[in-house]
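Numbering (the working numbering), first residue to last: 10 to 486.
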Amino acid sequence: MRQQNTSLEAHGFESPTTESSFSSSISSSSSATDRRLKALARHLVDSSPVMDSHSQNPNDTVSPSPTSSAFHADSVFAHLVRAPEDPILGVTVAYNKDPSPIKLNLGVGAYRTEEGKPLVLNVVRQAEQQLVNDRSRVKEYLPIVGLAEYNKLSAKLILGADSPAIQENRVTTVQCLSGTGSLRVGGEFLARHYHQLTIYIPLPTWGNHPKVFTLAGLSVKTYRYYDPATRGLDFQGLLEDLGSAPSGAIVLLHACAHNPTGVDPTIQQWEQIRQLMRSKALLPFFDSAYQGFASGSLDADAQPVRMFVADGGECLVAQSYAKNMGLYGERVGALSIVCKSADVASRVESQLKLVIRPMYSSPPIHGASIVATILKDRNLYTEWTIELKAMADRIISMRQQLFDALRARGTPGDWSHIIKQIGMFTFTGLNSEQVAFMTREYHIYMTSDGRISMAGLSSRTVPHLADAIHAAVTSFA
Ligand code: PLA
10 MRQQNTSLEA HGFESPTTES SFSSSISSSS SATDRRLKAL ARHLVDSSPV
60 MDSHSQNPND TVSPSPTSSA FHADSVFAHL VRAPEDPILG VTVAYNKDPS
110 PIKLNLGVGA YRTEEGKPLV LNVVRQAEQQ LVNDRSRVKE YLPIVGLAEY
160 NKLSAKLILG ADSPAIQENR VTTVQCLSGT GSLRVGGEFL ARHYHQLTIY
210 IPLPTWGNHP KVFTLAGLSV KTYRYYDPAT RGLDFQGLLE DLGSAPSGAI
260 VLLHACAHNP TGVDPTIQQW EQIRQLMRSK ALLPFFDSAY QGFASGSLDA
310 DAQPVRMFVA DGGECLVAQS YAKNMGLYGE RVGALSIVCK SADVASRVES
360 QLKLVIRPMY SSPPIHGASI VATILKDRNL YTEWTIELKA MADRIISMRQ
410 QLFDALRARG TPGDWSHIIK QIGMFTFTGL NSEQVAFMTR EYHIYMTSDG
460 RISMAGLSSR TVPHLADAIH AAVTSFA
């Protein structure tokens, strides 16, 4: 993979440091920052002779008058090629351009009601009302690590209220820009301070993972996860690949509702994964973007993370409130790093601040205030769990309806994976040709890997989707 080489070359690994002085942190921040600075320096050196040759006469200054040739020259960006749209978010771009009244967007994982409308949770509206009514609230900057109360509550939500790691102050949590920002901050922290620069991600995984971690300065490798033949977990392959990973390597794990496959290990399989990873000192980095969305229970969906924390070992967790609170555009997330001692955790936090400050300084206040308001109020919290369960249940019922509709049509193939898979997505097994056909003929939009967002479906649109799948499967076997 080209990306891996670039990442390794650019990284020029240096020994990890836990010192918190400014200069030590700068000297240890290889990777992305260094690469950018080097490129800038090269550019300045390369361009200096050209400038000299133009300025032999001290009076010969550059005059950007409208008549000068420089003014009419090509754009300094004329050499740019058009970048492709994002494989997931680009689906929405294409959908928005389609004038068809029957169009259906099953691309991005965004919850829709039975009426096909985006949903603002009732508890979110209530929390926002409380915030607006509170005249004492101001718009000052948050600290670099975000809203303290929000961070504490987020750690409790994922690790459990009675987590010994929290009680022993071994967890540091920083508010980040949703799940993506949490992954990026965690990735950059590891690239600066962890002794192993390779991160293993499942095959397949969310399309942004390799980009996030490569640009953070890590080297990305994959481990086997999904078996297309069984449409289930390739557990043997997973154990073999993690078993042959170098000691200390970082392993990205989807906490629940694996994207895009909808296939999760069982609790027994998680336990085997945990034992293997701990025996090889592999560092778990959990991506928890769907807590509560898989089973409808916040605790059940956090179980794999809690198993890894219960053994006393270290791990990272990236959380997102995009899906479970429907706060997509508010960009609310958190990165927690569980450490062996309170002392280490506080030094880790001091270094996280040095990652965040030059990146975006501090996170936004509104979304985190909504989340904190809900999590700390017993009534709002209970109401939230009910609304969350209703969303999860609606998705589960869509699975059943789609499965029944395909059976009723006699669509060739075994579609039981639709009801077995879990979370927001079904990994249909449709190929890119079939997907293109469904978009062209039925105006159904989805990612080219055959992933459909069940949360974008409703009882009203299931027959249309089933017709399209039936036609695609029978036209392109
Ligand atoms: N991690 C996983 C596994 C995800 O699926 C997503 C979102 C994120 C992190 C990041 O979400 P956040 O930054 O909004 O919190 N995946 C979506 C959206 C829902 C996307 O691609 O950005 C998806 O359609 O796959």
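Cβ coordinates follow ideal geometry from the N, Cα and C atoms, glycine included.
On a predicted model such as this, the values are computed, not experimentally measured, just so you know.
Since residue i and residue j are thought to touch, with beta carbons under 8 Å apart, how far apart are those beta carbons, to the nearest angstrom?
i	j	result
D107	H473	Between H473 and D107 the Cβ distance is about 14 Å, and since that is not below 8 Å, they are no contact.
R287	G322	6 Å
G271	G432	5 Å
A351	E177	6 Å
Y203	V260	That pair is no contact at about 12 Å.
P269	P213	6 Å
S468	E124	In fact, because the Cβ distance is near 10 Å, the residues do not count as touching under 8 Å.
S256	K289	5 Å
L285	L248	6 Å
L227	I374	Incorrect: roughly 30 Å between the Cβ atoms, too far for contact.
F198	L361	6 Å
Thinking C-beta only, is residue j closer than 8 Å to residue i?
i	j	result
V471	Q410	yes
D310	A319	no
D296	L128	no
W424	L130	no
L466	L115	yes
N160	Q184	yes
A225	A200	yes
G459	L439	yes
L384	L162	yes
M401	G252	The amino acid occupying residue 401 in the given sequence is Ala; Met does not appear at that position. Result no, Cβ atoms of A401 and G252 do not sit closer than 8 Å.
I153	S371	yes
A377	V180	no
R240	H479	no
I527	T435	Shown here, the chain extends from 10 to 486; a query on residue 527 therefore has no answer.
L291	A266	no
L151	V314	no
L195	A327	Residue identity differs from the one stated: residue 195 is Gly in this sequence, not Leu. Result yes, Cβ atoms of G195 and A327 sit closer than 8 Å.
V221	T189	yes
I428	F412	yes
I276	Q312	yes
A399	Q443	no
Excluding sequence positions up to five away, which residues of its chain have a Cβ less than 6 Å from the Cβ of residue i?
i	result
L186	R340
Y330	L336, V341 and V380
A477	M447, Y451 and I453
D250	Y232 and R233
C324	P293, F317 and V347
L397	G301 and N333
M407	M463 and L466
S441	S457
H263	D296
T391	none
Hey, does residue i have any beta-carbon neighbour from chain B nearer than 8 Å?
i	result
E450	Annotation note: the requested chain B is absent from the structure, which comprises a single protein chain.
Sorted by chain position, which residues of the same chain lie with C-beta nearer than 8 Å to residue i's C-beta, five sequence neighbours on each side aside?
i	result
T382	A136, Q139, L140 and L389
A445	S457
A103	E94, T448 and Y454
Q278	L242 and F244
D236	L242, D243 and G246
To which residues of the same chain is residue i closer than 7 Å at the C-beta, ignoring the five residues directly before and after it?
i	result
P110	none
- Every unbroken alpha helix (DSSP H) within the region 189–233, with a cutoff of 4 residues, ordered by chain: 218–225
- alpha helix (DSSP H) runs wholly inside the region 304–336, at least 4 long, in chain order: 307–319
- Can you list the beta strand (DSSP E) stretches of 3 or more residues lying completely in the region 105–170, in chain order? none
- Kindly provide the ranges of any beta strand (DSSP E) runs that are 3 or more residues long and lie completely inside the region 393–444, ordered along the chain. 434–436
- Item | Lining residues of ligand 1 - beta-carbon closer than 5 Å to any non-hydrogen atom, in sequence order | I97, V117, G118, S187, G188, T189, W215, N268, D296, A298, S329 and A331
- Message: Quick check for students: name the residue ranges of the beta strand (DSSP E) that lie wholly in the region 362–397, counting only runs of 3 or more.
- Response: none
- Where are the beta strand (DSSP E) runs, 3 residues long or more, that stay fully inside the region 231–279, in chain order? 259–263
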